[in-house]
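Worksheet: the structure to be examined is printed underneath.
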Amino acid sequence: MTYLILSDIHANLEALETVLATAGPYEHALVLGDLVGYGANPNEVVHRLRALPSVTFIRGNHDKAATRLASVEHFNHLARFAIQWTTEQLTPENLQWLTELPAGPLAIDDLVEICHGAPFDEDAYIFDDLDVRRAMAAASRPLCLFGHTHVPAAFRLADTLLPVGPLRDRFQLPLEATARYLVNCGAVGQPRDGDPRAAFAHLDTAERTLTINRVAYDVATAQAKIIAAGLPEVLAHRLAIGR
Ligand code: ZN
Numbered sequence: 001m002t003y004l005i006l007s008d009i010h011a012n013l014e015a016l017e018t019v020l021a022t023a024g025p026y027e028h029a030l031v032l033g034d035l036v037g038y039g040a041n042p043n044e045v046v047h048r049l050r051a052l053p054s055v056t057f058i059r060g061n062h063d064k065a066a067t068r069l070a071s072v073e074h075f076n077h078l079a080r081f082a083i084q085w086t087t088e089q090l091t092p093e094n095l096q097w098l099t100e101l102p103a104g105p106l107a108i109d110d111l112v113e114i115c116h117g118a119p120f121d122e123d124a125y126i127f128d129d130l131d132v133r134r135a136m137a138a139a140s141r142p143l144c145l146f147g148h149t150h151v152p153a154a155f156r157l158a159d160t161l162l163p164v165g166p167l168r169d170r171f172q173l174p175l176e177a178t179a180r181y182l183v184n185c186g187a188v189g190q191p192r193d194g195d196p197r198a199a200f201a202h203l204d205t206a207e208r209t210l211t212i213n214r215v216a217y218d219v220a221t222a223q224a225k226i227i228a229a230g231l232p233e234v235l236a237h238r239l240a241i242g243r
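So this is what it looks like as structure tokens:
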């Protein structure tokens with residue numbers, strides 16, 4: 001099976017369209033949550049993703065907040081403003097659809113499971129070694145894919161636990177049969193690793209390879225829409241620097 005991996009799209013239609021146009025063939029898409037929040041096109045992004053021919057979704061913390069399944073009390077003021085704007089923009093149908101997105105972790109097949117934050121808590125951030133070890137222990141499959149931090153990262157556990165990378169440009173990770181992996185394939189719509197290009201990945205379970213890709217998109221148009229919508233300008237500026 002070949003999968004296209006998309007995470008943290010954040011209502012950035014320009015990034016999503018460019019990723020879909022350049023992704024090439026795949027059999028099934030996996031969307032790891034945060035479809036909305038921050039960007040100016042929540043309805044268009046939901047519509048585009050729902051129309052993919054074969055796709056599995058889980059929810060992210062911004063999807064939960066936009067649909068009021070979760071409070072925004074832990075969000076900073078920028079995220080909170082954007083979520084309130086997003087909730088007002090979403091059509092009743094899209095709000096209902098987002099409300100029904102399943103929580104992660106979700107096992108996809110014998111090789112891979114997906115989660116938004118971590119396999120032990122959908123809202124947890126995986127940042128340090130302790131988080132990685134806890135996530136590896138909680139993962140139910142040899143390959144656990146996560147999002148939420150918007151930073152590509154890969155860890156391999158065999159005899160010892162080692163970070164893999166650096167994950168710059170196109171990065172191919174061969175998946176050894178005897179190792180376990182925890183991988184963040186980066187964010188489509190709001191990268192935070194200093195590289196403004198959209199990130200996405202392909203997984204080929206027959207060849208056992210995971211390939212993280214980056215693609216430049218029309219940042220200027222995404223920025224102009226954010227400013228025209230009356231969203232905080234810093235949400236536009238950060239797209240250009242990938243922070
Ligand atoms: Zn996110």
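For the sequence shown, the positions run 1 to 243 when the numbering used here is used. All residues carry an ideal CB built from backbone N, CA and C; glycine is no exception.
Residue i CB to nearest heavy atom of the ligand ZN below 8 Å
{"i": "A187", "result": "yes"}
{"i": "H62", "result": "yes"}
{"i": "G37", "result": "yes"}
Residue closest to residue i, alpha-carbon to alpha-carbon, out of the options
{"i": "R170", "options": "I212, H10 and C185", "result": "I212"}
{"i": "Y38", "options": "E207, D63 and H28", "result": "D63"}
{"i": "V36", "options": "E27, A29, R192 and V46", "result": "V46"}
{"i": "V132", "options": "E113, R156, H150 and T56", "result": "R156"}
Under the three-state DSSP convention, the category residue i falls into
{"i": "F127", "result": "coil"}
{"i": "T18", "result": "helix"}
{"i": "I114", "result": "strand"}
{"i": "A222", "result": "helix"}
Outcome for residue i when other beta-carbon atoms lying within 10 angstroms are tallied against a minimum of 16
{"i": "A240", "result": "exposed"}
{"i": "Q172", "result": "exposed"}
{"i": "A220", "result": "exposed"}
{"i": "P105", "result": "buried"}
{"i": "A65", "result": "buried"}
{"i": "E27", "result": "exposed"}
Worksheet item: How would the residue list near the ligand ZN read, in chain order, if you kept each one whose beta-carbon is closer than 5 Å to any heavy atom?
Response: The answer, residue by residue, is D8 and D34.
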